[in-house]
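Working notes, beginning with the structure itself.
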Ligand SMILES: [Zn+2]
Ligand SMILES: [Zn+2]
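Residue numbers (our numbering), protein chains in the order written: chain A, 1 to 197; chain B, 1001 to 1197.
Right under this line is the structure:
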């Protein structure tokens, strides 16, 4: 088989859920029928991989210094939702009617992996909590052991700043990843979030 | 959401079997965890879309004027297998022990779509058949109406050049339940039953 084709099939396997057989089908499909869209995909990938950074305010993915959500004047500045990753932010945006702001940890507390408060940007978060603008902080970390430990730490941080911490209602399956929870469960859990005492 | 990210998700949907949800998961996965492989994929796509052409001898995908199979000195030059597309060539290479050569039609006879003998490279095929080197031509077009019509035409071409045409056997798929085999296949398999020795 052509070397460039073999290389393409191998490279396509970096996509989650794509094995050797799917990768081969994808490569042949693009070469036989859709080279123009294949080129567009190459370009979109290159642009995104090189230019998407993180918002300086919320740490979500953004190619601009401040992301559209942080820059929006129509979003509620009194409620801040903290998530582990941009994937979870997107899931909440798509499933709930939340109109507040976000903070993305880009991880969770995990001392063994070298992830402490500094890596999660908690100094930046503490600064925002201390601004006096925020009234409630919704903690939407994953319901895993590390996610729960992170939530506990975040609740203390909020209380120290006089901000009311809340947590997504149970209903999200224990040990599950938010990313894979169905929309209605996620929306329900988001709506019945509980104050952390 | 970031525009570059939205563009990437949209572009990923050109891949067969990838819907909006998978595309989003793929984009986030690459951005969060695998930018280097994302860049490699962009590069592999660009190279393949721009540089993969067709072998001047067999019309299979190739970035060189003559593909590795045609260039190989260890393959049998007396048997030629004709397929509709590079996908089918790959399937035969991977499933069978065939060590002969190929010819890829890049389509099938379909007058309504403007696909005639010229578009399928049949002049090139006739030239190879006339070289006196080939003894058998295996016709491996798809068992569709157009594939069968193409096979009929190809068989005449072979006979005219004194080459023996052959066709893949039709029948019940191995491991298939008779109950689920379509009627015409079953009827054909019954009619061409083989004596057991
Ligand atoms: Zn932001
Ligand atoms: Zn070739």
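Built from N, CA and C at the ideal position, the CB exists for glycine as well.
Predicted model, so just to flag it, every value in this text is computed and none were measured.
Closer than 7 Å to chain A by CB, residue i
i, result
"residue 973/B", "Residue 973/B is absent from the model: chain B starts at 1001 and stops at 1197."
"residue 1038/B", "yes"
"residue 1047/B", "yes"
"residue 1023/B", "no"
"residue 1186/B", "no"
"residue 1002/B", "yes"
"residue 1041/B", "yes"
"residue 1163/B", "no"
"residue 1051/B", "yes"
"residue 1044/B", "yes"
beta-carbon residue i near ligand 1 non-hydrogen atom, thresh 6 Å
i, result
"residue 57/A", "yes"
"residue 14/A", "no"
Residue i beta carbon near ligand 2 (any heavy atom closer than 6 Å)
i, result
"residue 1070/B", "yes"
"residue 60/A", "no"
"residue 1081/B", "no"
"residue 1067/B", "yes"
Short CB-CB distance (under 7 Å) between residue i and chain B
i, result
"residue 35/A", "yes"
"residue 29/A", "yes"
"residue 220/A", "Shown here, chain A extends from 1 to 197; a query on residue 220/A therefore has no answer."
"residue 151/A", "no"
"residue 219/A", "In the structure as shown, chain A starts at 1 and stops at 197, and residue 219/A therefore has no counterpart that could be examined."
Does the segment 139-148 of chain A come close enough to the segment 79-92 of chain A that 3 or more CB-CB pairs lie under 8 Å? yes
Can you pull out the residues from the segment 54-65 of chain A whose beta carbon lies closer than 7 Å to at least one beta carbon of chain B? 61, 62, 63
Could you tell me whether the segment 177-196 of chain A touches the segment 38-52 of chain A, where touching means 3 or more Cβ pairs closer than 8 Å? no
Give me the subset of the segment 1084-1105 of chain B whose CB atoms are less than 8 Å from a CB atom of chain A, sorted by chain position. 1085, 1086, 1087, 1090, 1093
Which of the residues in the segment 4-19 of chain A, read from start to end, lie with their CB under 7 Å from any CB of chain B? 4, 5, 7, 8, 11, 12, 14, 15, 16, 17
Validate contact between the segment 175-187 of chain A and the segment 85-100 of chain A using beta carbons, cut 8 Å, 3 pairs: yes
Below 8 Å, can you find three or more Cβ-Cβ pairs linking the segment 144-156 of chain A to the segment 102-109 of chain A? yes
For the segment 16-28 of chain A and the segment 1004-1018 of chain B, state whether three or more C-beta atom pairs, one from each stretch, are separated by less than 8 Å. yes
Examine the Cβ distances between the segment 1052-1069 of chain B and the segment 1025-1032 of chain B and report whether three or more of them are shorter than 8 Å. no
Should the segment 1155-1172 of chain B be regarded as contacting the segment 1124-1135 of chain B, the criterion being three or more beta carbon pairs within less than 8 Å? yes
With a threshold of 8 Å, are at least 3 pairs of Cβ atoms found where one atom belongs to the segment 43-53 of chain A and the other to the segment 1001-1014 of chain B? yes
At a CB distance below 8 Å, what residues from the segment 1119-1138 of chain B approach chain A? Give them in sequence order. none
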